[in-house]
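Numbering (my numbering), first residue to last: 751 to 1206.
Take a look at the structure:
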């Protein structure tokens, strides 16, 4: 059977409280019981000591000196606060007794050397008695037994016991109700969270959970869930935008290919025209291939299947090899790449991811730099290794800097029809930097150039 969270809280609290209340009630009961019987024992002891001084031992005879004392009301009556007194010899033979005992006798315990308390019935009534030895000339010659009615004390203790037993479940029921109500009030924000999250779907991710008034743990939970929803909404929006942009970027070269082939089919062409159209088609195929390759790499960086392989990389040699391999793809740009790096600078990193980062940064720097200019690559190793790629190109506007790492985003400052690109290069750079834990900083000024700095 499923129990609601509210009821579980109430039951847990009730269980702990039930034990505590039970301990309190038991303590009250025994405290009152001991107090009641302590009063009786005080009376018994007082009467025994008082009458012990009025006893005379005459040979084998033990009797009260002052018989008039036995005519007091508490020694004559049985109904109202009676006090019973009995004198016995060492063998238990009764020598004298108070009038209210009549023919009855109190219990006798032979061989007792000190005071002893007992409880028993006398004529169907509950009494409590104390037996004290009478010592004459250093030996026990008899006993004085005093007794009082324990009926009232017993009734009082029994009534207290019944009252506590009846009150206990009532207290627990009240506590359960109050605790359940308080638990309901306490988890009301949780209920609100559940109701709101149940309403939120893919189509209304913009809805947020109202924050509680109290800045407690539930406030932090609600804030965290709202932040999570914001991240999910942002991710969904990026996914939709990414899908739309990818479709658009792939559709464009396909449209060019289709149009080119349709033109070729309309009528016979010269060899030069066929070569021109085929070369155009190959360029569009290469562009599609580049987009697909970059999309696959971006997907791998988004969800890496393995951890980066960290190994020593000699940066001077690494940069020289990278520039030599990529120079052919930069052949249309008359731009020089100058590297400033000491021969001994070594960096422990993943060479593959570092190549992705520097390849894209250098490609962009060369692509957007004016002809006959130089791209500067500067490596510093103090206090930590940094690699800066600096160009003197068209630059990036300040309001575009926060968006240049989004897939397929191309800043307004880069709206030059002669400059081709996919808009994925800097996205790959950012993802690779994230995997390596590298900090990437960008400083740019329109028409003056950009500097990308990697902090390792």
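Glycine included, every Cβ here is placed at the ideal spot set by N, Cα and C.
It should be emphasised that the depicted structure is a prediction, and the values quoted were computed from it without experimental measurement.
Within the continuous beta strand (DSSP E) that includes residue 1200, where are the two ends?
Counted as a single uninterrupted DSSP element, the beta strand (DSSP E) harbouring residue 1200 occupies residues 1199-1205.
CB of residue 937 within 9 Å of CB of residue 779, strictly:
Going by C-beta atoms, residue 937 is not nearer than 9 Å to residue 779.
Can you name the start and end residues of the beta strand (DSSP E) that residue 893 belongs to?
That run of the beta strand (DSSP E) goes 889-899.
With distances taken from CA atoms, which of 811, 836, 1195, 935 is nearest residue 757?
Distance check between residue 757 and each of 811, 836, 1195, 935 places 935 closest, using alpha-carbon atoms only.
Give the C-beta separation of residue 1100 and residue 1186 to the nearest angstrom, bearing in mind that I take them to be a contact with Cβ-Cβ under 8 Å.
So it is a contact: roughly 6 Å between Cβ atoms.
Are there 16 or more other CB atoms within 10 angstroms of the CB of residue 953, so buried, or fewer, so exposed?
Residue 953 is exposed by the Cβ-count criterion.
What is the C-beta distance between residue 907 and residue 786, in whole angstroms, given that I count them as a contact (C-beta under 8 Å)?
The pair is a contact, with the Cβ atoms about 6 Å apart (cut-off 8 Å).
Any 3 or more C-beta pairs closer than 8 Å across the region 897-904 and the region 859-879:
In short, these stretches touch, since the Cβ pair count reaches three.
Tell me whether residue 882 sits in a helix, a strand or coil according to DSSP, three-state version.
Residue state, collapsed to three classes: strand.
Integer Cβ distance of residue 814 from residue 802, believed to fall under 8 Å:
Between residue 802 and residue 814 the Cβ distance is about 11 Å, and since that is not below 8 Å, they are no contact.
Considering Cα atoms alone, identify which of 929, 846, 1021, 960 is closest to residue 941.
Considering only alpha carbons, the answer is 960.
Below 8 Å, how does it come out for the region 1102-1121 and the region 1068-1079: are there three or more Cβ pairs, yes or no?
Two segments are said to touch when three or more pairs of C-beta atoms, one from each, lie closer than 8 Å; by this definition the region 1102-1121 touches the region 1068-1079.
Would you call residue 1144 buried or exposed, if buried means 16 or more other Cβ atoms sit within 10 Å of its Cβ?
Per the 10 Å Cβ criterion, buried.
Where residue 1158 and residue 973 are concerned, what is the direct C-alpha to C-alpha distance, given to the nearest angstrom?
Each residue's alpha carbon lies about 32 Å from the other.
Cβ of residue 1087 within 9 Å of Cβ of residue 1127?
The Cβ atoms of residue 1087 and residue 1127 sit closer than 9 Å to each other.
Buried or exposed, going by whether 16 or more other CB atoms sit within 10 Å of the CB of residue 1181?
Buried, since its Cβ has 16 or more Cβ neighbours within 10 Å.
Check residue 788 in the structure and name its three-state DSSP category.
Helix, per DSSP.
Can at least three beta-carbon pairs, one atom from the region 910-923 and one from the region 884-891, be found at a separation below 8 Å?
The answer is no - the region 884-891 does not touch the region 910-923, with fewer than three Cβ pairs under 8 Å.
Roughly how many angstroms separate the alpha carbons of residue 866 and residue 882, rounded to a whole number?
The C-alpha of residue 882 is placed about 7 Å away from the C-alpha of residue 866.
Let me confirm a value: residue 945 is counted as buried when at least 16 other C-beta atoms fall within 10 Å, else exposed. Which label applies?
In this structure residue 945 is exposed. Its beta-carbon is surrounded by fewer than 16 other beta-carbon atoms within 10 angstroms.
On the three-pair Cβ rule with 8 Å, is the region 1057-1068 touching the region 1026-1043?
As far as the Cβ criterion goes, the region 1057-1068 does not touch the region 1026-1043, which means the pair count is below three.
I'd like the list of long-range same chain contacts for residue 897, defined as Cβ closer than 6 Å, with 5 residues on each side in sequence excluded.
Correct list, in chain order: 834, 856, 877, 879.
Where the beta strand (DSSP E) through residue 1130 begins and ends:
For residue 1130, the enclosing beta strand (DSSP E) begins and ends at 1124-1130.
Return the bridge partner residues of residue 866 from the DSSP annotation.
881.
What separation, rounded to the nearest whole angstrom, lies between the Cα atoms of residue 1202 and residue 1184?
Going from the Cα of residue 1202 to the Cα of residue 1184 covers about 15 Å.
I'd like to check one pair, residue 1154 with residue 1106: are the Cβ atoms closer than 9 Å?
Not a contact, by the Cβ cut-off of 9 Å.
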